[in-house]
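Sequential numbering from 1 applies to the first sequence in full-length UniProt numbering.
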Amino acid sequence: MASVSSQPQFRYTQPPSKVLHLRNLPWECTEEELIELGKPFGKVVNTKCNVGANKNQAFIEFADLNQAIAMISYYASSSEPAQIRGKTVYLQYSNRQEIVNNKTTADTAGNVLLVTIEGNEARQVSIEVLHLALIQFSDTETASSAKNALDSRSIPRYLLPEHVGPCTLRITYSAHTDLSVKFQSHRSRDYTNPYLPVAPSAIDAAGQLSVGVDGKKLEPESNVLLASIENMQYAVTLDVLHTVFSAFGLVQKIAMFEKNGGLQALIQYPDVQTAVVAKEALEGHCIYDGGFCKLHLSYSRHTDLSIKVNNDRSRDYTIPIHGAMIQPSILGQQPTGGPMSGATAAPYNGGQYPGPPPSSGGWAPPQHMHMQMPMQNYPYNMPSGPGAAPPGPPGTMPPGSLPPGSMPLEMGPGTMHMQNPNGLPQPPAMPPYSQ
DNA sequence: AGCACA
């Protein structure tokens, strides 16, 4: 098969085109200046300026290919570079064969609209950085009615995040008739093709789809959360996770594992609602002050974790043991002398529990990390003795209903004191989960 | 200083 050119080519040479690409243009270079530059070599039939991110690029289109070649050839061997206002302009063949001006199409009705979102915080519209949108309707009539109804209108307040200022839509017709959407992503979507591949950027750490053809986050909610931990300067133990996630309800099971060199954990709640609340509250927040151990949460596909063995990486907190403290771990330390700390608490019988997890790697259990916890939601599975009523659903257990002595030591209402791994007292790390 | 409406 014959290649385009078997000769060694300079990396940046382009095949000839009657369109030339110009770069390094002076600020706000005019069409007249472009024509002036090209005129000696032929008839300039079209130009386009203010191209590119810096608006310092342009295109010149000649009537004939030979004219473009003449201009390129001349400056290739000239001692004086092409200049506009004394500034050197770099020329090369464009990789396109003609200039497409959208000016002419803006007034021509079509089925594709070009929408510009104006506003100081327009970039925050629609979660992702979305500035421009091309929207294809099935027909021109639908497109024009949408344009008429929406052009120059502001996006309704209730559709915007609170902190985002007014955003105005500017809508024109696009020259496109059919958008070529390659991926479903946060920035492009083909609503007519559910089989379109999903962009890698739209798949979360669990390998799950996070966007769907409905335009919303497609993360099927689950009672099991997948947590990945970024910037893990401190060890994150099972106990730490259990403490953090227990703030929102009963934590049934936790499984920790390594993935991609980072730590991930699956946290199981009894119900989806609790997981949703926990995810919303904790996503993006750090377990420790200073940006350490930042949590990223998504919904797992699991609904019931299979915990084979209870150890320092995984635990099933639901396994009933007669009179035993089911989860001493969250206390860091057992209440002494309490009704539940007696002989029956000789826990972990049957070898099921290897005992309280070791303070892994010398990290102290998280006893002095200051965290604000919604107490009415906190101690669901605090020690419940024989005959104690089973914990109610989230939010239903009044604080006063806790059995005496079940309150962890050093724990005041709404605050859990935990210890920073380095043993130093920590300033509030997560006033309910502010960073 | 490197290609135009995602």
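Backbone N, C-alpha and C fix where the C-beta goes; we use that ideal spot for every residue, glycine too.
Given the structure is predicted, the values throughout are model-derived calculations rather than measurements.
### Query
Expressed to the nearest angstrom, what Euclidean distance is found between the alpha-carbon atoms of P354 and N311?
As a first step, residue 354 must be located in the first sequence, where it is residue number 354. As a first step, residue 311 must be located in the first sequence, where it is residue number 311. Low per-residue confidence applies at P354: pLDDT is 32, beneath 50, and the placement is therefore not dependable, though the value from the model is reported in the following sentence. If I take the Cα positions, the gap works out to 6 Å.
### Task
Write down every uninterrupted run of the beta strand (DSSP E) in the region 15-79 whose length is 3 residues or greater and which is fully enclosed by it, in chain order.
If we require 3 residues or more, the beta strand (DSSP E) runs fully inside the region 15-79 come out as 19-23, 44-51, 57-62.
#### Entry: Under 8 Å between C-beta atoms of S138 and N95
Within the first sequence, the letter at position 138 stands for residue 138. Within the first sequence, the letter at position 95 stands for residue 95. Cβ distance not < 8 Å, so S138 and N95 don't count as in contact.
### Message
So, does the region 300-315 touch the region 259-279, judging by three or more C-beta pairs under 8 Å?
### Response
Judged by Cβ distances under 8 Å, the region 300-315 makes contact with the region 259-279, as three or more pairs qualify.
### Message
Quick check: what's the CA-CA separation for M371 versus G290?
### Response
Counted from its first residue, the first sequence places residue 371 at position 371. Counted from its first residue, the first sequence places residue 290 at position 290. At M371, the pLDDT of 42 sits below 50, so the modelled position is not reliable and the matter cannot be decided from this model.
### Task
Express the C-alpha separation of I319 and G351 in angstroms, rounding to a whole number.
Sequence index remark: in the first sequence, residue 351 carries index 351 (1-based). Sequence index remark: in the first sequence, residue 319 carries index 319 (1-based). Residue placement at G351 is poorly supported in this model, since its pLDDT is 32, which falls under 50; the coordinates still yield a value, given next. Near 13 Å, if we compare the C-alpha coordinates of I319 and G351.
### Query
Got a sec, what are the start and stop residues for the alpha helix (DSSP H) A146 sits in?
Along the first sequence, read from residue 1 onward, the residue named residue 146 stands at position 146. Secondary structure note for A146: its alpha helix (DSSP H) is the uninterrupted segment 140-150.
### Task
Let me know if K259 comes out buried or exposed under the rule of 16 or more other beta-carbons within 10 Å of its beta-carbon.
Mapped onto the first sequence, residue 259 falls at position 259. Its Cβ having fewer than 16 others within 10 Å, K259 is exposed.
### Task
Indicate whether Y93 and P15 have their beta-carbon atoms separated by less than 8 Å.
Stepping through the first sequence from its first residue, residue 93 is reached at position 93. Stepping through the first sequence from its first residue, residue 15 is reached at position 15. The beta carbons of Y93 and P15 sit closer together than 8 Å.
### Task
May I have the straight-line CA-CA distance separating T142 from R315, to the nearest angstrom?
Residue numbering aside, residue 142 sits at position 142 when the first sequence is read from its first letter. Residue numbering aside, residue 315 sits at position 315 when the first sequence is read from its first letter. So the alpha carbons of these two residues sit roughly 56 Å apart.
#### Entry: Neighbourhood of K18 by C-beta distance below 8 Å, restricted to the same chain and skipping five residues each side
Your numbering for residue 18 matches position 18 in the first sequence. Only E61, F62, A63, D64, L65, Q67, A68, Q97, E98 meet the Cβ criterion.
### Distance CB(S174)-CB(L91) smaller than 8 Å
Along the first sequence, read from residue 1 onward, the residue named residue 174 stands at position 174. Along the first sequence, read from residue 1 onward, the residue named residue 91 stands at position 91. No. Outside cutoff.
### Task
Return the bridge partner residues of G262 from the DSSP annotation.
Taking the first sequence and counting its residues from 1, the one referred to as residue 262 is at position 262. For G262, which the question treats as bridged, DSSP gives the partners K259.
### Host beta strand (DSSP E) of H296 (start-end)
Translated into positions along the first sequence, residue 296 becomes position 296. If you look at H296, you'll find it in the beta strand (DSSP E) that goes 292-299.
### Task
Inspect the beta-carbon positions of V277 and F248 and report whether they are closer than 8 Å.
To locate residue 277, count along the first sequence from 1; it is residue 277. To locate residue 248, count along the first sequence from 1; it is residue 248. Yes. Within cutoff.
### Task
Decide if V309 is buried, meaning its Cβ has at least 16 other Cβ atoms within 10 Å, or exposed.
Taking the first residue of the first sequence as 1, we reach residue 309 at position 309. So V309 counts as exposed.
### Task
Can you give me the Cβ contacts of L169 inside the same chain, cut-off strictly under 8 Å, excluding the 5 residues immediately before and after it?
Along the first sequence, read from residue 1 onward, the residue named residue 169 stands at position 169. Around L169: V115, T116, I117, E118, L150, D151, S152, R153, S154, I155.
### Message
To the nearest angstrom, how far is the alpha carbon of H21 from that of A58?
### Response
Indexing the first sequence from 1 puts residue 21 at position 21. Indexing the first sequence from 1 puts residue 58 at position 58. Using only the alpha carbons, I get a separation of about 6 Å.
### Query
By Cβ distance below 8 Å, which residues in the same chain neighbour T88 in space, the five residues on each side in sequence not counted?
Locating residue 88 in the first sequence gives position 88, where the first residue counts as 1. Excluding residues within five positions, the ones whose Cβ falls inside 8 Å are N24, P81, A82.
### Query
Using CA coordinates, which residue listed in R313, H285, I84, L238 is at the minimum distance from I35?
Taking the first sequence and counting its residues from 1, the one referred to as residue 35 is at position 35. Checking every option, the nearest Cα to that of I35 belongs to I84.
### Query
Taking all protein chains shown into account, do 16 or more other C-beta atoms lie within 10 angstroms of the C-beta of R189, making it buried, or fewer, making it exposed?
If you number the first sequence from 1, residue 189 lands on position 189. Result: buried.
### Assigned exposure category for Y288 - 16 Cβ within 10 Å defines buried
Reading the first sequence from its first residue, position 288 is the one you call residue 288. Classification of Y288: buried, given that the 10 Å Cβ count is 16 or more.
### Proximity of G42 and A76 at Cβ, strictly below 8 Å
On the first sequence, residue 42 is found 42 positions in, with the first residue counted as 1. On the first sequence, residue 76 is found 76 positions in, with the first residue counted as 1. Not in contact: G42 and A76 (Cβ atoms no closer than 8 Å).
### Query
What separation, rounded to the nearest whole angstrom, lies between the Cα atoms of A255 and G262?
Position 255 of the first sequence, counting from 1, holds the residue named residue 255. Position 262 of the first sequence, counting from 1, holds the residue named residue 262. A straight line joining the alpha-carbon of A255 with that of G262 spans about 14 Å.
### Query
So what does DSSP say about S188, is it helix, strand or coil?
Here residue 188 is taken as the residue at index 188 of the first sequence, counted from 1. S188: coil per DSSP, three-state reduction.
### Query
Helix, strand or coil: how does DSSP classify G392 here?
Translated into positions along the first sequence, residue 392 becomes position 392. The pLDDT assigned to G392 is 33, lower than 50, so where the model puts this residue is not dependable; a value taken from the coordinates is nonetheless given after this. DSSP places G392 in the coil class of the three-state scheme, outside both helix and strand.
### Task
Quick one: measure Cβ to Cβ for L282 and V244, integer angstroms, because I've assumed they're closer than 8 Å.
As a first step, residue 282 is located in the first sequence; it is residue number 282 there, counting from the start. As a first step, residue 244 is located in the first sequence; it is residue number 244 there, counting from the start. By a beta-carbon distance limit of 8 Å, L282 contacts V244. Their separation comes to about 7 Å.
### Query
Is Q252 helix, strand or coil by DSSP?
One-based indexing of the first sequence puts residue 252 at position 252. In this structure, Q252 counts as coil in the three-state DSSP scheme.
### Task
For Q184, count neighbouring Cβ atoms within 10 angstroms of its own Cβ and tell me buried if that reaches 16, exposed if not.
Counting from one through the first sequence, the residue named residue 184 turns up at place 184. It counts as buried.
#### Entry: Element boundaries [beta strand (DSSP E), containing Q92]
As a position in the first sequence, residue 92 is number 92, starting the count at 1. Note, Q92: beta strand (DSSP E), 90-93.
### R157 in three-state terms, based on DSSP
On the first sequence, position 157 is the one that residue 157 refers to. In this structure, R157 counts as helix in the three-state DSSP scheme.
### Message
Considering just the uninterrupted stretch of the alpha helix (DSSP H) at V181, what are its terminal residues?
### Response
As a first step, residue 181 is located in the first sequence; it is residue number 181 there, counting from the start. No alpha helix (DSSP H) contains V181, which DSSP labels as neither H nor E.
#### Entry: Nearest neighbour of S228, chosen from V251, V181, Y299 [CA to CA]
Here residue 228 refers to the residue found at position 228 when the first sequence is read from its first residue. Of the candidates V251, V181, Y299, the residue whose Cα lies closest to the Cα of S228 is Y299.
### Query
Is the distance from the Cβ of V164 to the Cβ of E219 below 8 Å?
Numbered from its first residue, the first sequence carries residue 164 at position 164. Numbered from its first residue, the first sequence carries residue 219 at position 219. Not in contact: V164 and E219 (Cβ atoms no closer than 8 Å).
### Task
Go ahead and pull the three-state DSSP assignment for D316.
For the purposes of this step, residue 316 is taken as the residue at position 316 of the first sequence. DSSP, read as helix, strand or coil, puts D316 in strand.
### Task
Compare the Cα-Cα distances from R301 to each of L160, I171, L226, P40 and report the closest residue.
Here residue 301 is taken as the residue at index 301 of the first sequence, counted from 1. Closest by alpha carbon: L226.
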